[in-house]
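Have a look at the structure below, then the notes.
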Amino acid sequence: MISASEYLAVSQPFTFPGLQSHVPRSKLSEHYGQQCNSLSYLDEQQRKICTSHPLSMVSIGHGVRDAIGECKWQFRFERWNCTTTPTANDSAIDLFGSTLAAGTIPYGLEPCCALLHNLADDRFLKSCSYTVISANKEASFIEAITSAGMVIAVVSACTAGNLSDCSCDMSKQGLAARDPNEKWHWGGCSDNVRYGLLFGRDFLDRSLKKKFLQNREVKYLATVHNQEVGRKVRSAVKN
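Each residue of the sequence shown is one higher than the one before, counting from 5 in our numbering.
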């Protein structure tokens, strides 16, 4: 993972050949590997996940983008409202407000935030903070909502059939006994929340837990806790 200043320098595109392209599978794998290895803000474990699940990385970026929008909406009437304001650095926007400045992106969210720089959506291209957050309740909320946003985006991509690594949840297609008076019964595709939760834990939490075991700094476990809170909120929502 990288510091905020290094993150701002990331400019390489995260692109893939079209799913309908005639590029041989072996060439696709090589391309994915090169793209993922070029993403300096990912650690070794995350690069492996990126190479194995490249299209999921795009969903992660969209999830962070949506989480930022939701953060602004939830706090729109509060003193701290996730407002994006220009910084001294024209290439950056301070998402979280100067009062929260601490000099580094939240521990678990660096790779997710950096993915926004590789999306073709100018509105959110610079949405992650240049000066980021210390350990406070605002930081906890951001970590939780971003983690939830990532799960929602990955799950939605699964349900829509946009990811080859997963599909919808086939266990909820109405195999239980039906009410004889029921006029309509859902028999379609439900969200595969379990896959999204597992993917989120693997991508965000594993490296943080490893860092905790190495140096015993509680801040890493705190971030893992906050990210899990976000995932649990999503899993508690019925499909």
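C-beta: ideal position from N, C-alpha, C; glycine also.
Quiz item: Quick one: what's got a C-beta closer than 6 Å to D169's C-beta in the same chain, skipping five residues either side?
Solution: H57
Quiz prompt | Cβ-based neighbour list, G200, same chain, cut-off 6 Å, excluding 5 preceding and 5 following | solution = V155, V158, V159
Quiz item: So, is G165 buried or exposed, given that buried needs 16 or more other C-beta atoms within 10 angstroms?
Solution: exposed
Self-check item: For I53 and N244, the rounded distance between their alpha carbons
Solution: Since the displayed the chain opens at 5 and closes at 243, residue 244 lies outside it and no answer follows.
Quiz item: Going by C-alpha distance, which of S44, L32, E221, E74 is nearest I146?
Solution: E74
Quiz item: Is the CB-CB distance between V228 and A152 below 9 Å?
Solution: Taking a C-beta distance under 9 Å as the contact criterion, V228 and A152 do not qualify as a contact pair.
Practice problem: Using three-state DSSP, classify D209 as helix, strand or coil. | Solution: helix
Quiz item: DSSP state of F145, grouped into three classes?
Solution: helix
Practice problem: Please classify R220: does DSSP put it in a helix, a strand, or coil? | Solution: coil
Quiz item: For G204, which residues from the same chain have a beta carbon less than 8 Å from its beta carbon, with the 5 sequence-adjacent residues on both sides left out?
Solution: S151, M154, V155, V158, Q231, R235.
Quiz item: So what's D70 in DSSP terms, helix, strand or just coil?
Solution: helix
Self-check item: Separation of K31 from L225, as counted between CA atoms
Solution: 39 Å
Quiz prompt | Residue environment, E142, which counts as buried when at least 16 other CB atoms sit within 10 Å | solution = With 16 or more Cβ atoms within 10 Å of its Cβ, E142 is classed as buried.
Quiz item: Are the CB atoms of T55 and G67 nearer to each other than 9 Å?
Solution: no
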